[in-house]
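So the structure is just underneath, and the comments pick up after that.
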Amino acid sequence: MKPERSKRRLTTVIGCVLLGMGIPPRAAMPQDSAPHLRQQGSATQLIVDGKPFLVLGGELGNSTSSSLDYMRPVWPKLVSLNLNTVLVPAYWELIEPAEGKFDFSLVDGLIAEARRHQLRLVPLWFASWKNSMSCYAPAWVKTDQKRFPRSQDGAGRGIEILSPFSKDNMEADARAFAAFMRHLREVDGRDHTVVMVQVENEIGMIPDSRDRSAVAEKLFKDPVPSELITYLGQHRETLIPDLRSQWAANGFKTRGTWEEVFGPGPKADEIFMAWYFARYTNRVTQAGVAEYKLPMFVNAALIRPGYQPGQYPSAGPLPHLMDVWRAGAPQIDFLSPDIYFTNFAEWARRYQQSGNPVFIPEAQPNPVSAINAMWSVSQLDAIGFSPFAIESLEEPVSKLITGSYDVLKQLAPLILEHQGKRKMFGFLPEGPEQRQPLKVRLGGYAMNVAYTPSAAGPGSPTSDVVSGGLVIATGPDEFVFAGTGLTITFETETPSNKTVGLLSVQEGKYLNGGWVPGRWLNGDQTNQGRHVRLPPGRFDIQRVKLYHYR
Ligand code: DGJ
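My numbering puts the first residue of the sequence shown at 1, with every later residue one more than the last.
Given below as structure tokens:
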């Protein structure tokens with residue numbers, strides 16, 4: 001039998017078997033059509049139904065999606081915010097209320113409603129760990145501490161953190177995750193409503209830098225596993241600087257205990273815990289992708305300035321531990337930050353190190369998040385962006401996100417076409433000292449980008465108006481600008497006797513990928529041909545053509 005025909009026959013057979021089980025035959029769709037990641041230049045993109053997809057997301061509050069009734073009025077709000085994707089918890093305790101007995105009714109209800117509202121989903125696997133704790137473990141896990149051990153403090157008391165050193169814990173989670181992913185393949189293998197999955201949530205060790213149980217203590221005195229040592233050796237010159245210097249300070253040792261290789265103290269504790277958290281998460285992920293291969297990621301709670309391991313949820317997929325997580329969890333496709341701090345750009349950039357694809361699953365839902373979204377997908381080629389507790393947004397943030405996502409939705413094909421090619425810039429005033437005009441060199445021109453949110457001073461009702469946006473070089477002398485509160489002047493890229501002028505500036509919209517022109521901007525709107533201006537208080541798109549004269 002020819003391979004193609006035999007494949008088709010196998011599909012039919014599986015389809016019949018599944019029909020017999022009461023599951024629709026779409027379960028048998030070939031795996032290669034599932035959402036996956038693909039490289040474009042220096043960017044990694046999420047491919048859904050054969051095309052790059054930009055996640056304009058929002059994450060629901062933790063308990064919101066535990067009730068389909070409660071969710072009913074939420075869906076229209078998500079649509080009105082211009083989201084295309086919702087990040088939604090998948091609760092282990094509700095999915096497997098009794099060991100081996102799975103209940104996917106909530107998951108199915110959420111998928112059905114997402115489809116009805118033309119939204120995609122990114123489930124968050126709230127299982128062994130959620131914000132360090134194990135509060136989403138099912139009751140049969142929580143109440144059987146002998147079989148499912150917890151981490152312990154120095155006094156030998158159990159804490160609400162399942163031990164990452166327990167095979168029973170790990171395999172119980174892995175079995176549940178496998179069942180979850182199998183179910184997703186069965187109900188969504190054709191529709192691709194679910195596009196990626198986050199494994200666990202903000203894994204971390206707190207309030208101690210290390211589990212003090214007997215098992216952990218013994219492993220801490222064992223040699224550092226050879227897999228980690230091999231990885232460090234192979235990547236010695238490209239390791240994240242913090243880890244490299246920690247290893248260098250102890251003589252780049254290739255054998256020894258954790259303290260011998262990384263030096264005594266909380267930093268070695270953290271590397272040790274990170275390795276075991278990563279190994280455990282890798283096993284859970286592996287069990288899931290064996291059933292249905294979707295892009296998988298983990299997220300991290302970030303560090304408050306000056307905090308030491310144990311004072312913050314340590315050992316998670318933090319920037320300084322990226323290599324440990326890479327080495328320990330190769331099944332994980334990327335590591336993501338949950339950014340609640342005001343130095344958004346600084347944290348986001350750290351997640352771009354060593355080729356990690358950027359995706360922001362949680363961000364503080366403040367006015368600036370509307371700009372952070374635009375900046376991330378252009379400047380960092382991010383897969384997407386998602387403010388937290390999206391259903392609770394109120395004005396002015398809801399209005400700003402709606403405006404920003406409206407523009408990003410229109411520009412998504414163009415942004416995706418240009419990601420990874422160094423043809424885009426994002427504009428984000430990162431702090432008071434960076435509010436001076438930004439000089440950007442793009443497409444043979446130098447652009448002076450000034451942040452001009454509004455004339456209103458502090459305390460005025462409009463002083464929280466934000467400014468920022470992006471530019472895409474779409475062709476020779478042609479650019480698309482988008483954003484709010486920006487004034488841009490142009491020069492030649494290198495000093496010359498030529499002057500740059502505006503040939504045309506047109507505002508408008510992209511509708512189904514086509515440009516629908518609005519006003520032709522000139523006169524006062526361009527300061528008589530001197531600048532491009534994106535007014536504050538709304539999000540605009542302008543197409544600009546430049547020329548030179550002597
Ligand atoms: C980060 C967590 O990942 C979320 O689930 C939620 O607990 C928020 N913090 C609350 O701010």
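All C-beta atoms in this analysis are idealised placements derived from N, C-alpha and C, irrespective of residue type, glycine included.
Shown here for Y280: same chain residues with a beta carbon closer than 6 Å to its own, the five before and five after excluded, namely P164 and M170 in chain order.
Membership of T474 in the beta strand (DSSP E) is indicated by the continuous run G468 to G475. By alpha-carbon distance to V449, the top candidate from G485, G475, A382 and L414 is G485.
Relative to the non-hydrogen atoms of the ligand DGJ, the Cβ of F388 comes within a distance shorter than 7 Å of at least one. Distance from the Cα of D477 is smallest, within the candidate group L470, V466, S467 and E493, for E493. Burial state of F252 is exposed, judged by a 10 Å Cβ sphere holding fewer than 16 other Cβ atoms.
Around the beta carbon of D208, 16 or more other beta carbons sit within 10 angstroms, so the residue counts as buried.
Apart from the 5 residues on each side of it in sequence, H320 sits with its Cβ closer than 8 Å to the Cβ of I240, D242 and L243 in its chain, given in chain order. Distances taken from the Cβ of A327 to the heavy atoms of the ligand DGJ include none shorter than 7 Å.
With respect to the 8 Å criterion, L56 and L94 are not classified as neighbours on the basis of their beta carbons. Here D338 is buried. Its C-beta has 16 or more other C-beta atoms within 10 Å. Ranked by Cα distance from G265, the options F220, H235 and P295 are led by F220. Beyond the five residues adjoining it in sequence on each side, Y549 comes within less than 8 Å, by CB distance, of K498, T499 and G501 in the same chain, given in chain order.
Under the rule that a run must span 3 or more residues, the beta strand (DSSP E) segments found entirely inside the segment 507 to 536 read 514 to 520 and 532 to 534. Closest in alpha carbon position to T526, among G514, N512 and K545, is K545. Taken from the Cβ of D338, at least one heavy atom of the ligand DGJ lies inside 7 Å.
Judged by DSSP in its simplified three-state form, T494 adopts coil rather than helix or strand.
Proximity of the segment 415 to 425 to the segment 362 to 381 meets the contact definition, three or more beta-carbon pairs being nearer than 8 Å. Beta-bridge analysis with DSSP links W125 to A90 and V199.
Residue pairing from DSSP places P387 in a beta bridge opposite A363.
Taking C-beta atoms as the reference points, L124 and L87 count as a pair closer than 8 Å.
Here the segment 339 to 346 does not lie against the segment 39 to 53, with fewer than 3 beta-carbon pairs under 8 Å apart. A contact between stretches requires three or more CB pairs, one per stretch, nearer than 8 Å, and the segment 390 to 403 meets this requirement with the segment 56 to 70. A contact is defined here as three or more CB-CB pairs under 8 Å, and the segment 125 to 139 meets this definition with respect to the segment 149 to 163.
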